[in-house]
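In our numbering, the protein residues as written are 702 to 1103.
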Ligand SMILES: Cc1ncc(COP(=O)(O)O)c(C=O)c1O
């Protein structure tokens, strides 16, 4: 069959994307999908034969390559091999999964935990398992795509509120008929802006309107709270989140996602959530690495503190140099550029000077709000951060945003 007709919508989408990518490549403005050849120490990588300072990593505590975590992964391969015997509900469960889930539950101070093979699958599957057609879900407008997709898949009535606006959230909650089940869901730290949800405000409203609260801690575990336990610890509000979601792919240098919470809910998810029942279990090496990483966070608390100091240096230094970094308070530091093309150009200038940053453009962020989404980690040293900021400053001047 000939699919190359101009009126075929699949072909139109493919061609539009290929054209956009080809034009960027031709102008040396394409920076996605670049493979890293190897790690060079904690905060540098080899890319295209060049050693670059890594300022786009989610490994907030610098745990990728940690010897104890690597060792745990190797031992798991020796004990279990590289795969599992299937899905968790059937033959795919291993003792290391159980041990990981107990570790997560203890870390998050919850009764129990369940893991999935990605954070994306966790949000998709859990929101759509908990909610049905007659329920309501209310989501911050800047929530991660996996939350949005989970809300849509659930079939529940999907309401969104202006980013971090508690009066908008309250008016959404008021809209819901009495007696209906309602879930409020939000990122703890917003993945494109680095700011925090008004957590005390959300908790108060959930209590007032009898709403369940689900918080995605992808970018707050290891980042917020004195011991890195996340947003509840940060605000001194233990045991306020009903559904504690997180990923094993950011601060935790592995892959996967989890939910921690009440035992009955976790048991329900084990028997009802499709990503657990119909998708292969986490590989043993990844489960063991994740378990070891939670232990390292608690055993090496200096990392959490160092990340906090580094984030402050990076945010303050970029602001002082004249950049707009929005309201970030964390390791995710947006450097606002405006047009997509400006974000691509500043990336090129920075990467040509061996600072690995990446652009985020629409539709991932609103049009005209394209940015560098720079990150800093506990693996960086103060003088490295200073050097990287000088490079970003030089690049910013070349493209004319400062
Ligand atoms: C807030 C948030 N939630 C969920 C995810 C998905 O997690 P994963 O990459 O582990 O699938 C991400 C990933 O970027 C994220 O930023």
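Just so it is clear, CB atoms sit at the ideal spot from N, CA and C, and this is done for glycine as well.
These numbers come from a predicted model, not from an experiment.
Own chain partners of residue 913 with C-beta closer than 6 Å, once the 5 adjacent residues on each side are dropped: Correct list, in chain order: 884, 943.
query: Cα separation between residue 710 and residue 722?
result: Cα to Cα, the separation comes out at about 18 Å.
- request: Taking residue 951 and residue 759 to be in contact with their CB atoms under 8 Å, please state how far apart those CB atoms are, rounded to whole angstroms.
  value: Going by Cβ atoms, the distance from residue 951 to residue 759 rounds to 4 Å, so yes, they are a contact pair.
query: Got a list of residues with beta-carbon closer than 5 Å to any non-hydrogen atom of ligand 1, in chain order?
result: Spelled out in chain order, the answer is 819, 820, 821, 845, 847, 888, 892, 917, 919, 948, 950.
- request: Return the Cβ separation of residue 984 and residue 783 in integer angstroms, given the expectation that the two are a contact with Cβ distance under 8 Å.
  value: That belief holds up - the Cβ atoms of residue 984 and residue 783 are roughly 6 Å apart, short of 8 Å.
field: Beta-bridge partners of residue 946, as assigned by DSSP
entry: Answer by DSSP bridge pairing, in chain order: 917, 960.
- prompt: Which two residues bound the contiguous beta strand (DSSP E) that contains residue 753?
  reply: Counting along the chain, the beta strand (DSSP E) containing residue 753 begins and ends at 751-755.
task: Go through its chain and collect everything with a Cβ distance to residue 854's Cβ below 8 Å, but skip five positions before and after it.
output: Only 825, 828, 829 meet the Cβ criterion.
query: Taking one C-beta from the segment 837-849 and one from the segment 863-882 each time, how about it: are there three or more such pairs within less than 8 Å?
result: Inter-segment contact for the segment 837-849 and the segment 863-882 is present: three or more beta-carbon pairs are separated by less than 8 Å.
task: With DSSP as the reference, label residue 809 as helix, strand or coil.
output: Under the three-state reduction of DSSP, residue 809 is assigned to coil, being neither helix nor strand.
- request: Return helix, strand or coil for residue 781, following the three-state DSSP convention.
  value: Residue 781: helix per DSSP, three-state reduction.
task: Could you tell me how far apart the beta carbons of residue 893 and residue 1065 are, in whole angstroms, since I believe they sit closer than 8 Å?
output: About 7 Å; that satisfies the 8 Å criterion.
message: By the DSSP assignment, the alpha helix (DSSP H) with residue 789 in it spans what residues?
response: It is not in any alpha helix (DSSP H) - residue 789 carries neither H nor E in the DSSP assignment.
query: residue 1055 and residue 741: beta carbons closer than 8 Å?
result: Cβ atoms of residue 1055 and residue 741: not closer than 8 Å.
- prompt: Taking the alpha-carbon positions, what's the residue 712 to residue 975 distance?
  reply: Between residue 712 and residue 975, the C-alpha separation is close to 32 Å.
- prompt: For residue 1080, which three-state DSSP category applies?
  reply: If DSSP states are grouped into helix, strand and coil, residue 1080 belongs with coil.
task: Below 6 Å CB to CB, which residues in the same chain sit around residue 948 once its five sequence neighbours on both sides are set aside?
output: Excluding sequence neighbours, residue 948 sits near 820, 919, 958.
message: Here's the rule I'm using: 16 or more other beta-carbon atoms within 10 Å means buried, otherwise exposed. How should residue 844 be labelled?
response: Classified as buried, residue 844 has 16 or more neighbouring CB atoms from the shown chains inside 10 Å of its CB.
field: alpha helix (DSSP H) segment containing residue 978, residue limits
entry: First-last of the alpha helix (DSSP H) with residue 978: 975-978.
message: Residues in the same chain with beta-carbon distance under 6 Å from residue 813, minus the five sequence neighbours each way, listed in chain order, please.
response: Excluding positions up to five away in sequence, the list reads 806, 964, 967.
- prompt: Just checking, does the segment 996-1009 make contact with the segment 1077-1087 on the three C-beta pairs under 8 Å criterion?
  reply: Touching, yes.
- prompt: Is residue 994 closer than 8 Å to residue 1039 when the C-beta atoms are compared?
  reply: Not a contact, by the Cβ cut-off of 8 Å.
- prompt: Just checking, does the segment 1008-1019 make contact with the segment 792-811 on the three C-beta pairs under 8 Å criterion?
  reply: Here the segment 1008-1019 makes no contact with the segment 792-811; the two share fewer than three CB pairs at distances below 8 Å.
- prompt: residue 890: which of 822, 916, 1025 sits nearest, CA to CA?
  reply: Measuring C-alpha to C-alpha distances from residue 890 to each of 822, 916, 1025 identifies 916 as the nearest.
field: Alpha-carbon to alpha-carbon, residue 990 and residue 1048
entry: Rounded to whole angstroms, residue 1048 to residue 990 spans 32 Å at the Cα level.
message: Helix, strand or coil, according to DSSP, for residue 981 in the structure here?
response: Correct three-state label for residue 981: strand.
message: Quick check on residue 1048: does DSSP put it in helix, strand or coil?
response: Three-state result, residue 1048: helix.
task: Check the C-beta distance from residue 981 over to residue 787 and give it rounded, since I have them as a contact under 8 Å.
output: For a cut-off of 8 Å, the C-beta gap from residue 981 to residue 787 is around 7 Å, short enough to register as a contact.
message: Taking its Cβ as the centre, do 16 or more other Cβ atoms sit within 10 Å of residue 940, making it buried, or is it exposed?
response: Residue 940 comes out exposed.
N-terminal and C-terminal residue of the beta strand (DSSP E) that residue 712 is part of: Run containing residue 712: none in the beta strand (DSSP E); it sits in the alpha helix (DSSP H), 710-727.
query: What separation, rounded to the nearest whole angstrom, lies between the Cα atoms of residue 1060 and residue 960?
result: So the alpha carbons of these two residues sit roughly 30 Å apart.
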